[in-house]
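The listed protein sequences derive, respectively, from chains A and B.
All letters in the first sequence, in the order written, are residues -1 to 443 by our numbering.
All letters in the second sequence, in the order written, are residues 92 to 340 by our numbering.
All C-beta atoms in this analysis are idealised placements derived from N, C-alpha and C, irrespective of residue type, glycine included.
The structure appears below as structure tokens.
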Amino acid sequence: AGAGGGNDIQWCFSQVKGAVDDDVAEADIISTVEFNHSGELLATGDKGGRVVIFQQEQENKTQSHSRGEYNVYSTFQSHEPEFDYLKSLEIEEKINKIRWLPQKNAAQFLLSTNDKTIKLWKISERDKRPEGYNLKEEDGRYRDPTTVTTLRVPVFRPMDLMVEASPRRIFANAHTYHINSISINSDYETYLSADDLRINLWHLEITDRSFNIVDIKPANMEELTEVITAAEFHPNSCSTFVYSSSKGTIRLCDMRASALCDRHSKLFEEPEDPSNRSFFSEIISSISDVKFSHSGRYMMTRDYLSVKIWDLNMENRPVETYQVHEYLRSKLCSLYENDCIFDKFECCWNGLDIVMTGSYNNFFRMFDRNSKRDVTLEASRENNKPRTVLKPRKVCASGKRKKDEISVDSLDFNKKILHTAWHPKENIIAVATTNNLYIFQDKMN
Amino acid sequence: MFVRGLKRKCFDGEEDIEGTLAGIKAIPSYNLQRQSLLDMSLVKLQLCHMLVEPNLCRSVLIANTVRQIQEEMTQDGTWQMINTQSTGQASLDRLVSTDILCRSSREQAEGKHVPSYGTFSKDFEGDQGQDRSETMSTASSVQAPRNLQSNVWEMENPQENKGNFQKSLDQIFETLENKSPNSVEDLFSEVDNSYYDLDTMLTGMMSNTKMGHCDGLETFSSPTNTASNSNCKSDLNELDHIVEILVES
């Protein structure tokens, strides 16, 4: 298992969740995907404000050739649409991010956020219920006291498993702009939330106060040229976090330095390549996602065309750059016109040496940092027999198209994979197309 | 490939110009492409005002692109060149993306006489609160007035153009800003719940009703919102609506 790289792993279809028809209901569009810390639970959020949590079955001893399947565990409405009367604007209920808390007791906790409000949800199981009350019937109706002739002690009896989700905290009214990220600190007591211009620090227990730790709003909004696009806490250092910008920079801040971290401790920026300069250079340099490696030594950023790995000790350039879909570089004008150039792709690690990100036509890409090999795979219902190994795909940029290749002009730009997640411990990945969730596993034995 | 509208007036792929007339033809082609990009960007900026709260990141990126083009055009001196070059033919070559929503039907009616982009944007700002639903259903083909618009824009004095252009860009940002005006801004950053204090809101509004709703709502709307009757009416309706809801609850 150790030496396997992105291409040494053979990815197999495992499951697909979601509606089959091509007609996608807007509310069903998946907007975020996240495994919990053990990988047993997989949560998705959608545009309709719902959260669906899948649970992995316990591994079946007899079926040792495949890992447990993920089945629906809980579904709940996390956020509702709201109306801001003061600004006369709707606040979308779309779930932008979900982040799990590490498990401390029997219940599970997660943070989910829309554009304005973050909520802490408790998901707990109930598999017993009290029976044998003296004053109430089983259905809840009160008994006539005169009919009670004996007394008994109510006992707990098993019942069908019920999974309940309840909102424990609501963190509201702290963001003027749209929240794009939430990140739980390694102290497991605080977390940050970032919108386009500000980052706030919260304590999980306290909902009526938050500290503003980054503010890049200019005094005069006419001078605004840069926004915050993503933020994340360092996995080990509880005073360190990073945030990325629409100009392709990443700033690392230390909260011990000052209360307001407007001055970065480190600034990561790659000098522009003059030969590739165009009117779209800035737009495609805008970072859509930033993720630390498990160790915290490296971080990965995603911009429109590439994935970059940065060593935290080197600010002036990334240590590795991987091209996701370089064939789009000559199509930037069209992609600008149809707004695809503003698509925000996420990226994820297996934690150490393989990174994954999505592309168009329901393709997703994996890069092995060790072997430097990469592969393009497709999330499609056509390969939906379990344990079918996925066939690598190839896009033909120009010239003669070989058999089985797909030409750039045939790509479907409506089928985009923006959200992907990697199981924290095993080679299981979750890939979200517009309204379906695909789960792939590596081929065992 | 999923492409709308603009086809070849684009930086995509190879240049259409072969080497033969490269020297002379290449320059206007690049300029035309650049102008198309500029037009496209301006339309996008306006479009994003019409929907639910505009995506700030996208707006900022588009605005930066517009600035970049403007700077380059200023450096080239082509800012002046554009004016001499424009004709009815050129205007048709401009971005004509049929399913881009442009303006409300009312603005189209009023817009015939509107000479500059600056004024255009100002009118637009005042209407956006009310006209959002209108614009969503407005017939999408507003090419004629739009082109007339840009055509007329080009005809004007280039200096004024530049000034208007800068002004309009600033107005766009002001509008973005005024979605979250300063007074409310400060409340948010301190997580002050008095924003939702109905008494405060009502008092603030009600005490100003006698002066005219435009003044009363000034802190909540664009400062460039001049006292045009239509603006006052929409604000008045909004105020009534809010009061109705508050009273009912």
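Cβ-based neighbour list, residue i, same chain, cut-off 7 angstroms, excluding 5 preceding and 5 following
i, result
"A/Gln8", "Val387, Asp440, Lys441"
"A/Asn132", "Val146, Leu149, Arg150"
"A/Ser263", "Leu250, Cys251, Asp252, Ala255"
"A/Lys400", "Cys394"
"A/Val70", "Val50, Phe52"
"A/Leu265", "Thr247, Arg249, Glu313"
"B/Thr156", "Ser132"
Buried or exposed (CB count within 10 angstroms, at least 16 for buried), residue i
i, result
"A/His292", "exposed"
"A/Gln75", "exposed"
"B/Gln166", "exposed"
"B/Lys135", "buried"
"A/Gln54", "buried"
"A/Tyr189", "buried"
"A/Arg97", "buried"
"A/Phe343", "buried"
"A/Thr144", "exposed"
"A/Gln56", "exposed"
"A/Val305", "buried"
"A/Ser191", "buried"
"A/Lys95", "buried"
"A/Leu159", "exposed"
"A/Arg196", "buried"
"A/Ala229", "buried"
Between the CA atoms of residue j and residue i - distance to the nearest angstrom
i, j, result
"A/Thr227", "A/Phe239", "14 angstroms"
"A/Gln101", "A/Phe107", "7 angstroms"
"A/Ser36", "A/Lys423", "7 angstroms"
"B/Ile153", "A/Ser328", "19 angstroms"
"A/Asn198", "A/Val146", "58 angstroms"
"A/Ala419", "B/Arg158", "37 angstroms"
"A/Ile168", "A/Lys245", "32 angstroms"
"A/Thr30", "B/Tyr121", "41 angstroms"
"A/Glu67", "A/Ala377", "18 angstroms"
"A/Arg166", "A/Ser110", "12 angstroms"
"A/Lys389", "A/Val373", "10 angstroms"
"A/Phe340", "A/Pro152", "60 angstroms"
"A/Thr205", "A/Ala170", "7 angstroms"
"B/Met164", "A/Ile404", "39 angstroms"
"A/Asn433", "A/Lys134", "46 angstroms"
"A/Phe365", "A/Lys392", "14 angstroms"
"A/Gly130", "A/Ala163", "26 angstroms"
"A/Glu187", "A/Glu80", "29 angstroms"
"A/Phe278", "A/Asp271", "13 angstroms"
Close-in-space but distant-in-sequence residues of the same chain around residue i (CB under 6 angstroms, 5 per side omitted)
i, result
"A/Ser338", "Note that residue 338 of chain A corresponds to Cys in the displayed sequence, not to Ser. Here the set comprises Phe411."
"A/Asp193", "His173, Tyr175, His176, Ile177"
"A/Ser237", "Asp252, Met253, Arg254"
"A/Arg315", "Glu268"
8 angstroms Cβ shell around residue i - same chain, five flanking residues per side excluded
i, result
"A/Arg127", "Phe154, Arg155, Met157"
"A/Asn336", "Phe411"
Range covered by the alpha helix (DSSP H) that runs through residue i
i, result
"B/Ile153", "147 to 167"
"A/Ser279", "279 to 283"
Start-to-end residues for the beta strand (DSSP E) that takes in residue i
i, result
"A/Tyr334", "Where A/Tyr334 is concerned, there is no enclosing beta strand (DSSP E), although the alpha helix (DSSP H) it sits in stretches over 330 to 335."
"A/Asn178", "177 to 182"
"A/Phe361", "361 to 366"
"A/Asp309", "304 to 309"
"A/Arg275", "Segment: none, A/Arg275 is in no beta strand (DSSP E) and carries neither H nor E."
"A/Asp158", "153 to 169"
"A/Phe411", "A/Phe411 -> no beta strand (DSSP E), and no H or E assigned at all."
"A/Met297", "296 to 300"
"A/Gly130", "Counting along the chain, A/Gly130 falls outside any beta strand (DSSP E), and DSSP gives it neither H nor E."
"A/Ile404", "403 to 405"
"A/His417", "417 to 420"
"A/Asn210", "204 to 213"
"A/Arg196", "196 to 201"
"A/Lys264", "264 to 266"
"A/Met354", "352 to 356"
**Report entry** Contact list for the stretch 140 to 163 of chain B against chain A, Cβ threshold 7 angstroms
**Finding:** Val143, Glu144, Leu147, Cys148, Arg149, Val151, Leu152, Asn155, Thr156, Gln159, Ile160
Query raised in the report: What residues in the stretch 222 to 242 of chain A have a beta carbon less than 8 angstroms from any beta carbon of chain B?
Result: Leu222, Thr223, Glu224, Val225, Thr227
Query - Interfacial residues, the stretch 276 to 303 of chain A to chain B, with Cβ spacing under 8 angstroms - result: Ser276, Phe277, Phe278, Glu280, Ile281, Ser284
Query raised in the report: According to a CB-to-CB cut-off of less than 7 angstroms, which residues of the stretch 117 to 137 of chain B neighbour chain A?
Result: Leu128, Met131
Report task. Anything in the stretch 191 to 208 of chain A with a Cβ closer than 9 angstroms to a Cβ of chain B? List those residues in chain order, please. Result -> Asp193, Asp194, Leu195, Arg196, Asn198, Asp206, Arg207, Ser208
Report task. Give, in chain order, every residue of the stretch 244 to 274 of chain A whose Cβ lies closer than 9 angstroms to some Cβ of chain B. Result -> Ser244, Lys245
Query raised in the report: Got a sec: which bits of the stretch 414 to 429 of chain A sit with their beta carbon under 7 angstroms from any beta carbon on chain B, in order along the chain?
Result: Going along the stretch 414 to 429 of chain A in chain order, one finds no residue with a Cβ nearer than 7 angstroms to chain B.
Query raised in the report: Going along the stretch 83 to 96 of chain A in order, which residues come within less than 9 angstroms of chain B, judged by CB to CB distance?
Result: Tyr83, Leu84, Lys85, Ser86, Leu87, Glu88, Ile89, Glu90
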